[in-house]
Amino acid sequence: MCCDKHCHSLLFREVDDSSHSGSLSPPLTTPIRAYLYIEMSGPFHRASNFKIDNLEIVQANTVTYAGKSALERLEEHISPGAAHNSDERCDAPKCHPETRAAVQDEILSWITEGDSDAEPKRLLWLTGPAGTGKTAIAGSVAETCSEQGLLAATFFFSSFSGSADRRSKAFFVPTLAYQLRKHTSLQSVGKAILSAIDNDPAIFRTRLKDQFTELILKPFRQLHAQYDTSTIPKVIIIDGVDECEPLSPPHRPFTKEEAQIAREKGHLEVLNLLLDAVRDPAFPFRIVIVSRPERQFTTFLTETASNTTLKLFLDDKYNPDADIELFLNAKFAEMRRRYHLPTSWPTPEQMSTLVAKASGQFIYAATALRFIGDGAQLPQVQLNIVLGLVIENHSERNPFQELDALYLHILRACPDPMATAEWITAVDGEWHLRRLPAHFWRQFIEWVPGEMERFLGCIPSLLFLPPPEDRQSPIRVYHKSLHDFLTTRNSTLVSVFIKIYGPPHQWPRNSVGRVFRIIQNKGPVIPACTQQDHEEFLAHFLSISIAFWSRVKTSEDKRIFLSSDARWWIDRYLDADERGVESMWYLLDRVHDPLTHITRIHQLFKCLSGYPSTFIVYIDLKYRAKYPRILLLRLEEHISPGAAHNSDERCDAPKCHPETRAAVQDEILSWITDGDGDAEPKRLLWLTGPAGTGKTAIAGSIAETCSEQGLLAASFFFSSFSGSADRRSKTCLVPTLAYQLRKLPGLQGVSKAVLLSIENDPAIFMTRLKDQFTELILKPFKQYHGQYDASNLPKVIIIDGVDECEPSTPLDKPITKDEAQIAREKEHLEILNVLLDAARDPAFPFRIVVVSRPEHQFTAFFSEIASSTRKLFLDDRYNPDADIEMFLQAKFAEIRRRYHLPASWPTQEQIAALVSNASGQFITAATVIRFVNTRAHLPQEQLDCVLNLQGENEGSVLTSNPLQTLDALYLHILGTCPDPVATVAWIRAY
């Protein structure tokens with residue numbers, strides 16, 4: 001129903017929930033209700049409590065929809081394509097019959113009979129160089145295990161997949177949990193998994209370790225005696241862990257070195273998780289890990305996990321040459337039948353040469369066979385071309401030399417090699433492009449009929465190009481080594497290609513040009529044959545165009561875009577995708593200044609004048625409802641997931657190195673567990689000390705220990721350095737604490753009271769901090785004070801980095817530096833007063849640890865309440881030098897292992913000098929280690945550089961400055977940058 005021109009574009013959807021009041025179990029027959037907040041004029045402005053048919057609108061800030069079950073939420077976080085039997089993997093490589101039999105038999109024997117080994121090992125690492133058929137073996141073993149009822153779960157990582165979720169660790173644990181719960185022999189475990197999600201819908205945003213514990217280990221521990229281990233599957237197979245990629249931070253892309261470090265940390269996080277699993281007696285499965293033998297895998301699986309791991313390396317022991325020859329013979333037999341060739345072809349000498357050229361790489365054999373049989377010339381001629389390719393530089397020790405030579409020959413034979421290379425990288429680049437049908441790419445690429453065949457039809461040995469009548473199948477590049485060859489492989493042959501055709505970053509210009517032509521044409525350059533064809537093309541184009549539009553940079557690009565019919569495209573987005581306006585908003589933001597008000601849209605795009613303002617508000621709509629699970633989701637929307645001690649965002653956060661900071665940790669833990677026995681019990685502890693003394697590391701370690709011992713009630717780690725704005729604002733503090741507290745066992749009544757507070761006042765999150773804390777935490781605990789056993793509850797809440805909480809900047813005007821400092825101090829004091837009120841309330845059952853620098857507002861506040869507060873100052877009493885030395889020794893041991901350095905390095909005198917110059921600052925020691933461990937020079941040279949810097953400072957009069965050595969190191973590092981001034985400017989801007 002449309003009552004006003006200002007509301008005709010609002011898209012209300014029917015929901016299955018019903019209205020209610022005051023109850024968490026609503027009847028199912030009352031009218032449907034939706035909540036809406038918009039900037040709108042007309043008769044509905046500020047109207048409330050009126051009905052249109054079955055829709056009741058009230059002034060609020062949400063649009064509510066039916067809530068999702070735990071299974072639906074779990075399904076949203078899985079990677080369907082990562083399962084061994086997924087549709088996405090229907091063409092994935094499998095072992096050719098009778099090949100790789102020895103290694104498959106060894107793996108299957110370990111799965112079924114491994115418990116009878118003299119020293120049983122529950123982790124198997126299958127490894128070998130790229131191209132040796134690891135994924136094919138894993139796929140074949142998974143298939144066999146599935147047929148025999150041995151397969152519990154699988155995850156096939158793939159950096160080459162069209163699905164982003166197959167190269168991210170974020171979907172790893174939910175996918176395994178989803179597969180495990182499907183087994184009929186594990187129904188009780190499946191129910192426990194769903195119960196864990198119902199209890200904590202934000203579980204998917206915690207660290208991998210905590211996801212695995214809550215969704216897999218705890219259900220198996222809880223129900224260990226309720227299933228027969230002899231009837232359940234035996235093995236989980238994880239392939240391609242080395243292809244798991246990190247997510248770049250939201251504010252900037254990784255540098256190459258940062259990306260590599262983050263990548264290795266992600267791999268180690270997965271490996272540690274799997275090692276913990278197989279060491280847990282309640283976990284009933286063996287695990288197969290498949291990866292390349294990269295350094296982090298070799299170090300971890302042959303050292304850290306050596307007692308638990310069986311290693312299978314695909315080397316000559318498994319005779320790959322014999323398997324490759326068997327594979328070649330079978331394929332050449334097919335070719336002889338197809339072309340009616342004599343059985344004497346190819347000759348034994350030709351076969352031997354091909355096997356030798358393969359260097360154990362199955363991918364070379366497969367590519368060579370596709371080239372020989374592609375029909376461009378007779379197979380005999382094609383085979384002679386392959387055998388005749390000459391490697392000019394035999395000094396390179398590169399197993400891909402022959403493969404690269406073959407790729408180079410195939411590409412150079414194309415009519416337009418540069419265009420072919422460009423379209424390979426475009427079609428096979430971003431994950432969301434790989435899944436699109438070839439029919440779409442045909443319409444996208446072709447300005448003249450036949451261009452698709454010209455550019456990509458010339459390389460049938462490298463990719464599969466569906467015929468024009470196939471409207472669904474995607475283009476499929478046979479192996480990711482082709483993409484590596486074009487973009488990352490470092491070899492003489494790749495250099496030849498780049499020298500002739502230019503570096504990869506220069507290639508995508510044609511694709512951008514085609515996007516703008518399509519924008520102007522409102523469709524493909526060559527008109528579609530039918531209206532349905534046109535609509536299908538636009539649907540695909542709308543789904544990917546933002547990836548191209550984000551490249552809008554030049555004035556010509558902007559002119560072309562702005563000359564198009566923006567209103568028509570926005571209408572298309574609204575029709576095609578519920579997130580359409582959000583995408584369009586993103587695009588306009590790239591072309592102009594950030595657009596934060598609807599009126600500015602009208603000012604910038606005159607073509608939108610008269611169009612209802614309400615359509616823009618669509619980007620702010622959230623799917624929510626009013627009942628228990630959905631009230632919890634509403635609370636979840638206001639938390640800071642990254643601020644919890646065990647969040648995925650904090651997986652690399654500092655922790656105390658083992659055995660360091662033991663004295664201060666023991667003192668805090670003693671206060672947490674036994675503080676009530678003090679002569680004057682104090683329920684608030686302030687941990688403080690100068691910058692760099694390791695406060696956050698101590699807080700993180702304490703939180704970890706308390707969590708393991710069941711002592712941690714909640715935590716919030718502020719961080720002004722985080723990529724998440726909600727970790728440097730007070731806005732999410734109380735909702736985050738309330739969310740964590742309501743998960744605690746034994747507090748069901750408190751949990752219900754928290755949700756009722758939200759139902760009674762949906763705007764509670766916009767009130768003062770004090771009122772939020774009262775309504776969401778204090779009142780629920782007061783209400784149920786006598787209904788839980790306080791002795792069984794956790795003991796402590798930890799709030800770290802309160803000094804890093806920043807005030808919100810006013811929207812109407814900038815504030816001066818002095819005003820910002822005053823506002824900042826007020827925010828800190830507001831938080832401190834809320835925590836003090838809580839600690840003084842007899843109904844509040846927890847102790848509180850506050851961690852901050854000793855800034856004057858904190859010092860003054862805690863001095864005034866000294867009788868209620870325990871203060872720990874990190875000074876010489878806690879012997880930081882001994883801890884720093886222990887930290888340095890451990891880190892240098894890691895560097896020695898990495899670079900194969902002698903045990904005599906560094907000398908004890910060098911360690912002593914580093915400890916002395918650290919002046920009790922852990923940050924100095926940590927920065928020195930990172931500097932020494934960079935690949936700019938050898939570690940010995942980097943260490944000498946640090947020690948020389950320290951020597952230069954010995955005569956300085958500024959010896960009272962504990963950060964003197966750190967400042968000198970910062971100065972040296974910045975001084976070696978190509979443009980130090982620009983580097984400093986960007987650091988300050990960031």
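Numbering (UniProt numbering), first residue to last: 1 to 990.
Note that CB positions come from ideal geometry on N, CA and C, so glycine has one too.
(request) Sort out for me which residues DSSP pairs residue 151 with in a bridge. (result) Bridge partners of residue 151: 235.
(message) Classify residue 671: buried if its beta carbon has 16 or more other beta carbons within 10 angstroms, exposed otherwise.
(response) buried
(message) I need the boundaries of the alpha helix (DSSP H) containing residue 121, first residue and last residue.
(response) Note, residue 121: premise wrong, no alpha helix (DSSP H); not H, not E.
(request) Assign residue 701 to one of three DSSP states: helix, strand, or coil. (result) helix
(message) Per the DSSP calculation, residue 437 is bridged to which residue(s)?
(response) Answer by DSSP bridge pairing, in chain order: 474.
(request) Go through the segment 282-311 residue by residue and report every complete run of the alpha helix (DSSP H) that reaches 4 residues or more, in order. (result) 295-299
(message) Suppose you measure from the CA of residue 913 to the CA of residue 257; what does that come to, to the nearest Å?
(response) 29 Å
(message) Is it buried or exposed, residue 822, if we count other Cβ atoms within 10 angstroms and call 16 or more buried?
(response) exposed
(request) Give the C-beta separation of residue 271 and residue 124 to the nearest angstrom, bearing in mind that I take them to be a contact with Cβ-Cβ under 8 Å. (result) With 8 Å as the limit, residue 271 and residue 124 do not qualify as a contact, their Cβ atoms being about 13 Å apart.
(request) Write down every uninterrupted run of the alpha helix (DSSP H) in the segment 816-868 whose length is 4 residues or greater and which is fully enclosed by it, in chain order. (result) 817-840 and 856-864
(message) Could you check whether the segment 295-315 touches the segment 324-338, counting it as contact only if at least three pairs of C-beta atoms, one from each stretch, sit closer than 8 Å?
(response) no
(request) Please say whether residue 881 and residue 915 have beta carbons closer to each other than 8 Å? (result) yes
(request) Along the alpha helix (DSSP H) that carries residue 686, what are the first and last residues, could you check? (result) Taken as a continuous stretch (DSSP letters only), residue 686 belongs to no alpha helix (DSSP H), being part of the beta strand (DSSP E) at 684-688.
(message) If distances are taken between C-alpha atoms only, which option among 919, 889 and 917 comes closest to residue 905?
(response) Taking only the C-alpha atoms, the option nearest residue 905 is 889.
(request) For the beta strand (DSSP E) containing residue 712, list its first residue and its last residue. (result) Here the beta strand (DSSP E) through residue 712 covers 712-717.
(message) Give me the residue from 364, 68, 419 and 437 with the minimum Cα distance to residue 540.
(response) Comparing Cα positions, the closest option is 437.
(request) Using beta-carbon positions only, say whether residue 410 and residue 462 come within less than 8 Å of one another. (result) yes
(message) Classify residue 766: buried if its beta carbon has 16 or more other beta carbons within 10 angstroms, exposed otherwise.
(response) exposed
(message) Going by DSSP in three states, residue 639 sits in which element: helix, strand or coil?
(response) DSSP places residue 639 in coil when its eight states are reduced to three.
(message) Taking 8 Å as the threshold (C-beta atoms), are residue 212 and residue 126 in contact?
(response) no
(message) Let's see if you can read the secondary structure: which residues bound the beta strand (DSSP E) around residue 796?
(response) 796-800
(message) Which of the three DSSP states is assigned to residue 872 in this structure?
(response) strand
(message) My output table needs one value for residue 781: the three-state DSSP class, helix, strand or coil.
(response) helix
(request) Could you work out which residue in 200, 193 and 236 is closest to residue 220 when comparing CA atoms only? (result) 193
(message) Please classify residue 974 as buried or exposed, where buried requires at least 16 neighbouring CB atoms within 10 angstroms.
(response) exposed
(message) Determine whether the beta carbon atoms of residue 138 and residue 180 lie at a separation below 8 Å.
(response) Judged by their CB atoms, residue 138 and residue 180 are not nearer to each other than the 8 Å cut-off.
(message) So, at 8 Å on beta carbons, what are the nonlocal neighbours of residue 104 in its own chain, with the 5 sequence-adjacent residues on each side left out?
(response) 95, 137, 140, 141 and 144
(request) Indicate the three-state DSSP secondary structure (helix, strand or coil) for residue 793 in the structure shown. (result) coil
(message) I'd like to know if the segment 705-718 and the segment 791-804 are in contact, where contact means that at least 3 CB-CB pairs between them fall below 8 Å.
(response) yes
(request) Go ahead and pull the three-state DSSP assignment for residue 220. (result) helix
(message) In whole angstroms, give me the CA-to-CA distance for residue 188 and residue 222.
(response) Cα to Cα, the separation comes out at about 10 Å.
(request) Alpha carbon to alpha carbon, how far is residue 233 from residue 173? Give it in angstroms, no decimals. (result) 18 Å
(message) With three or more C-beta pairs closer than 8 Å as the rule, is the segment 446-466 touching the segment 407-427?
(response) Verdict: yes, contact present.
(message) Can you give me the C-alpha to C-alpha distance between residue 968 and residue 669, rounded to a whole angstrom?
(response) 37 Å
(message) For residue 753, which residues in the same chain have their Cβ closer than 8 Å to its Cβ, ignoring the five residues on either side in sequence?
(response) 779, 780, 783 and 784
(request) Tell me residue 156's beta-bridge partners as DSSP assigns them. (result) 239
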